[in-house]
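Those letters in the sequence shown? Residues 53 to 525, by my numbering.
Built from N, CA and C at the ideal position, the CB exists for glycine as well.
Source: prediction; values computed, not measured.
To start, the structure itself, in structure tokens.
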Amino acid sequence: MFETGVRQLRMALSMTWGRPFDTGSLTRLVADAVATVAEFGELGLEAREVIETPFADDADRADHADRSIRRTARRLADLSPFYAELFAASGFHVGTADATTLLGLPTTTKHDLMSRPRDFLCRGSEPHLATRTTGTTGRALEIWLSRYELEVAAALGALSGVLHDELHGDDLMQVHVSSRATAAVQLASMTCRLVGARCRVLGIIAVDDALDALAGSATTMSVNASYLAELVVAAQARGLRPDDFRLRRIDCVSEILSPAVRAAAEQTFGAPVSDNFGMTEVIPVTATSCSAGHLHHDLTMGHVEVLDLRSGDPAAPGELGTLVVSPYFPYRECMPVLRYDTRDVVRPLAGPATCEQAGIPGTSAVLGKASQLVEVAPGHVVTPRELVEAVEDLPSRPWPARFHAEPEGGRVRIDLPAGAVDGMSSAGLTDHFAERGLDARVRVLDDHRAPSLRRVRSDLRELGFVAPEPVGA
53 MFETGVRQLR MALSMTWGRP FDTGSLTRLV ADAVATVAEF GELGLEAREV
103 IETPFADDAD RADHADRSIR RTARRLADLS PFYAELFAAS GFHVGTADAT
153 TLLGLPTTTK HDLMSRPRDF LCRGSEPHLA TRTTGTTGRA LEIWLSRYEL
203 EVAAALGALS GVLHDELHGD DLMQVHVSSR ATAAVQLASM TCRLVGARCR
253 VLGIIAVDDA LDALAGSATT MSVNASYLAE LVVAAQARGL RPDDFRLRRI
303 DCVSEILSPA VRAAAEQTFG APVSDNFGMT EVIPVTATSC SAGHLHHDLT
353 MGHVEVLDLR SGDPAAPGEL GTLVVSPYFP YRECMPVLRY DTRDVVRPLA
403 GPATCEQAGI PGTSAVLGKA SQLVEVAPGH VVTPRELVEA VEDLPSRPWP
453 ARFHAEPEGG RVRIDLPAGA VDGMSSAGLT DHFAERGLDA RVRVLDDHRA
503 PSLRRVRSDL RELGFVAPEP VGA
């Protein structure tokens, strides 16, 4: 017990002072947590306080952010060719860096990373694993992570999973994300290993094969929203019910999850579905959803800003803004980014939160990519989330949603495949979208054009030697 206390203290000091973690100590701390839960059924209050963010107080959180920004910036100035050049050109003084002065520094973009990848590698770091973005919103981007970064992220993820009853030693996690998302797959398997759980990585395979694997064995599933939608359709077509599965939780990330798909998944699989935020470029900074539909951002491992889409100033409550994330050292060391503009659009909460995570700063759920907003009139923007939710709520249940939208004479024109309309009249379609706040004109296209209307991650099929027949063929 004394050794566990020492490990908890070392972890807390690393989090507070920003010193590199002892990954061996973290690994043993996970084992301690698993053993404690096995013996007593839950972690003690002291362990919870250490493992959960110690920065719930506003003043403590601000102080932690300022010190972490300064520490991270100093390291980047010394070791990162890209940021040393950027700081000098911007007159950014790392010795006095804080959350306020950070606002004067240009954001880092995906184009920066793609055009100068070697300049983001810190001198003296040891790249270990290359991971790529999926490329569904453009050209894929490669990020390098060190072995240390992976071990820290996996250990902290495992501790969080044990703490929040999200991962048990007897779990079997089935992973349905693209295999090219190497870091996500690696971290899933490493996290399961630390907790003692099993991990089945299948990727985006034929949905019937995925359902066969799920039925009766998997207890948790990590999945993209579009592939979850396909699994629901296929499961219902086969007449499968919650009794056919052992799932106790489903974790979605990286795509817009509509209420219609979420409710159907919970009804079909008999497990709650979470809708969280994560991104390859800013590993390990994440955000989790609450019962009110907010995203609550973990500010222990990184600084999160919401910037106005036009001015670049902090977005006002309730206004659209882009998430800008700065992972801190010592969580990232190999190819870190500072003020990375994710282009994921959210709204800062317009008032105090009253949900179960009210003590953690929050925003709306991700509303889509900034490049996919539809400005139908000055000051009137339609977000991808509004469109996805409206389309996936059509009676035909065209899941995942396939559509194209653009402004047309002060309205939004929505192109839909004929199968999504399913015999609805023009007036019925107009009323459907109007009830959801959208003044829309629908143009119906042939079904064969559906895949080209909207890219989704379930399109990243991992085929075998024999191509599976489409569901319903």
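Of the candidates 265, 227 and 477, 227 places its Cα closest to the Cα of residue 302. Each of 436, 472, 465 and 434 was checked against the Cα of residue 447, and the nearest Cα belongs to 472.
The C-beta of residue 310 has 16 or more other C-beta atoms within 10 Å across all chains shown, which makes the residue buried. Judged by their CB atoms, residue 419 and residue 467 are not nearer to each other than the 8 Å cut-off. Straight-line spacing of the CA atoms in residue 133 and residue 295 works out to 56 Å. Cα atoms of residue 240 and residue 251: separation of roughly 7 Å, rounded to the nearest angstrom.
Residue 351 holds the alpha-carbon nearest to the alpha-carbon of residue 112 among 417, 400 and 351.
Residue nearest to residue 405 within the set 343, 174 and 495 is 343 (criterion: CA-CA distance). Secondary structure at residue 194: strand, using DSSP grouped into helix, strand and coil. Cβ-Cβ distances below 8 Å link residue 171 to 132, 133, 134 and 137 in the same chain, with the five nearest sequence neighbours on each side left out; the list follows chain order.
Here residue 433 has 425 and 427 as same chain residues with Cβ atoms under 6 Å from its own Cβ, once five neighbours each way along the sequence are excluded.
The region 219-226 and the region 352-362 do not touch, with fewer than 3 CB-CB distances between them shorter than 8 Å.
Listed in chain order, the alpha helix (DSSP H) runs fully inside the region 157-217 are 162-167 and 199-215, counting runs of at least 4 residues.
Here the alpha carbon of residue 325 sits roughly 19 Å from the alpha carbon of residue 210.
Taking C-alpha positions only, residue 306 is separated from residue 453 by approximately 15 Å. Taken in chain order, the complete beta strand (DSSP E) segments of 3 or more residues contained in the region 380-435 are 392-398, 426-429 and 432-434. Residue 464 and residue 490 do touch by the CB rule: their CB atoms are close to 6 Å apart, below 8 Å.
Taking every protein chain shown into account, the CB of residue 166 has fewer than 16 other CB atoms within 10 angstroms, so this residue is exposed. Contact check between the region 387-404 and the region 115-134: three or more CB pairs, one atom from each, fall below 8 Å, which counts as touching.
Sorting 176, 265 and 219 by C-alpha distance to the C-alpha of residue 249 places 219 at the top.
Annotated as distal: residue 386 and residue 72, with beta-carbon spacing of 8 Å or more. In the three-state DSSP reduction, residue 508 falls in the coil class, being neither helix nor strand. The three-state secondary structure of residue 80, taken from DSSP, is helix. Residue 414 sits buried, since 16 or more C-beta atoms from the chains shown fall within 10 Å of its C-beta. By the criterion of at least three beta-carbon pairs nearer than 8 Å, the region 308-322 is not in contact with the region 74-92. Membership of residue 359 in the beta strand (DSSP E) is indicated by the continuous run 354-360. Counting along the chain, residue 145 sits inside no beta strand (DSSP E), nor does DSSP assign it H or E at all.
Using a Cβ distance threshold of 8 Å, residue 215 and residue 238 do not count as a contacting pair.
Residue burial annotation: residue 163 is exposed, with fewer than 16 other C-beta atoms found within 10 angstroms of its C-beta.
DSSP places residue 373 in the strand class (E or B) of the three-state scheme. Secondary structure at residue 121: helix, using DSSP grouped into helix, strand and coil.
In chain order, 292, 296 and 297 place their CB closer than 8 Å to the CB of residue 267, counting only its own chain and leaving out the 5 sequence neighbours on each side. Residue 117 and residue 155 have their alpha carbons spaced roughly 13 Å apart. When 371, 279 and 399 are compared, the shortest CA-CA separation from residue 313 is found for 279. For residue 341, the number of other beta carbons within 10 angstroms of its own is at least 16, and it is reported as buried. It is roughly 34 Å from the alpha-carbon of residue 286 to the alpha-carbon of residue 195.
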